[in-house]
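Adding 5 to a residue's 1-based position in the sequence shown gives its number in the working numbering. Backbone N, C-alpha and C define an ideal beta-carbon position, used for all residues, glycine too. Note that this is a predicted model, so its numbers are computed, not measured. Heads up, the thing below is written out as structure tokens.
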Amino acid sequence: MERIFGKPLITQRQIEKRIRELGTKITADYEGKELVMICLLKGAYVFFADLVRNIHISVDVDFMMVSTYGARASSSGVVKIISDLSSPIKGKNVLLVEDIVDSGLTLSYLYKSIKAKNPRSLKLCALLDKVERRKHEIPIDYIGFTVPNKYVIGYGLDYQDRYRNLPYIAVLDVSDIE
Ligand code: 5GP
6 MERIFGKPLI TQRQIEKRIR ELGTKITADY EGKELVMICL LKGAYVFFAD LVRNIHISVD
66 VDFMMVSTYG ARASSSGVVK IISDLSSPIK GKNVLLVEDI VDSGLTLSYL YKSIKAKNPR
126 SLKLCALLDK VERRKHEIPI DYIGFTVPNK YVIGYGLDYQ DRYRNLPYIA VLDVSDIE
């Protein structure tokens, strides 16, 4: 992996530093409140595991699995909930954690569907924001990094279910995998 993907777009050290900052901000924002953090599987699991350990108030965690992309590296335009929340969130402060926002379709769809469950509050957090590609406007409350319009992998993000274990974010070089 190191050989194929060469120089990281975002290094492990940069990710760690930014997550500490996000954790500090989220801790301060939710001080004295109860917080439920939702991890969007599979892509956000690495980010989520690091983020929760940088939040210094007690949190409940839950998981949802959705799919937006098919086998190709382009949006199918359809959001499918493969696995839903395990507990009710009515009256709770909810923070939804995503790996990357591209067109914004996934988060705008999930925002509406989670809002319909009547949480006390709902905020969004994404490690990466591919802001140039936005089609569905959705306010993201906590953003790790803005990234260029390239297909990125690593740190939980995949290409055809591989490369999630790369410890940093890299740009997928298609010529290397063909
Ligand atoms: P959106 O619904 O915002 O268009 O797309 C969000 C989802 O598309 C993300 O959760 C992620 O699964 C996938 N995605 C978008 N861009 C990338 C990318 O550059 N790399 C990877 N691995 N997945 C991406």
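*Is Leu-162 closer than 8 Å to Gly-48 when the C-beta atoms are compared?*
Position 43 of the sequence shown, counted from the start, is the residue given in the question as residue 48. Position 157 of the sequence shown, counted from the start, is the residue given in the question as residue 162. Yes, Cβ-Cβ distance for Gly-48 and Leu-162 is below 8 Å.
*Under the criterion of a Cβ to heavy atom distance below 7 Å, does Ile-86 qualify as lining the ligand 5GP?*
As a working note, residue 86 is residue 81 in the sequence shown. Outside the cutoff, so no.
*Compute the beta-carbon to beta-carbon distance between Val-66 and Cys-44, rounded to the nearest angstrom, for a pair I have assumed lies under 8 Å.*
Translated into the one-based positions of the sequence shown, residue 66 becomes position 61. Translated into the one-based positions of the sequence shown, residue 44 becomes position 39. So it is a contact: roughly 7 Å between Cβ atoms.
*Give the range of the alpha helix (DSSP H) segment to which Leu-27 is assigned.*
Here residue 27 refers to the residue found at position 22 when the sequence shown is read from its first residue. Counting along the chain, the alpha helix (DSSP H) containing Leu-27 begins and ends at 17 to 34.
*Using the C-alpha atoms, what's the distance from Leu-127 back to Lys-95?*
Along the sequence shown, one-based indexing puts residue 95 at 90. Along the sequence shown, one-based indexing puts residue 127 at 122. Spanning the two alpha carbons is a distance of roughly 11 Å.
*How many Å lie between Pro-124 and Ile-60 at the Cα?*
Taking the first residue of the sequence shown as 1, we reach residue 124 at position 119. Taking the first residue of the sequence shown as 1, we reach residue 60 at position 55. CA-to-CA, the gap between Pro-124 and Ile-60 works out to about 20 Å.
*To the nearest angstrom, how far is it from the Cα of Leu-112 to the Cα of Val-71?*
For this step, residue 112 is matched to residue 107 along the sequence shown. For this step, residue 71 is matched to residue 66 along the sequence shown. Roughly 10 Å separates the two Cα atoms.
*For the region 28 to 38 against the region 149 to 169, are there 3 or more C-beta pairs whose distance is under 8 Å?*
no
_Taking the beta carbon of Lys-22 as the centre, do at least 16 other beta carbons fall within 10 Å, making it buried, or is it exposed?_
Position 17 of the sequence shown, counted from the first residue, corresponds to residue 22. Lys-22 is exposed by the Cβ-count criterion.
*Sub-8 Å separation of Lys-140 and Ser-108 beta-carbons*: Mapped onto the sequence shown, residue 140 falls at position 135. Mapped onto the sequence shown, residue 108 falls at position 103. Pairing Lys-140 with Ser-108 gives a Cβ-Cβ distance under 8 Å.
*asked:* Considering only heavy atoms of the ligand SAM, does any lie closer than 7 Å to the CB of Asp-163?
replied: By its list of ligands, the structure shown excludes the ligand SAM, since it contains just the ligand 5GP.
*Grab the span of the alpha helix (DSSP H) containing Tyr-156 for me, first residue to last.*
As a first step, residue 156 must be located in the sequence shown, where it is residue number 151. Tyr-156 -> no alpha helix (DSSP H), and no H or E assigned at all.
*Proximity below 8 Å, CB of Tyr-116 to CB of Ile-143*: Locating residue 116 in the sequence shown gives position 111, counting from the first residue. Locating residue 143 in the sequence shown gives position 138, counting from the first residue. Closer than 8 Å, so yes.
*Under a Cβ-count criterion, where at least 16 other Cβ atoms within 10 Å of its own Cβ denotes burial, should Met-6 be classed as buried or exposed?*
Position 1 of the sequence shown, counted from the start, is the residue given in the question as residue 6. Its pLDDT being 49, under 50, Met-6 is placed unreliably by the model, and the measurement read from it follows with that caveat. By the neighbour-count rule (16 or more Cβ atoms within 10 Å), Met-6 is not buried but exposed.
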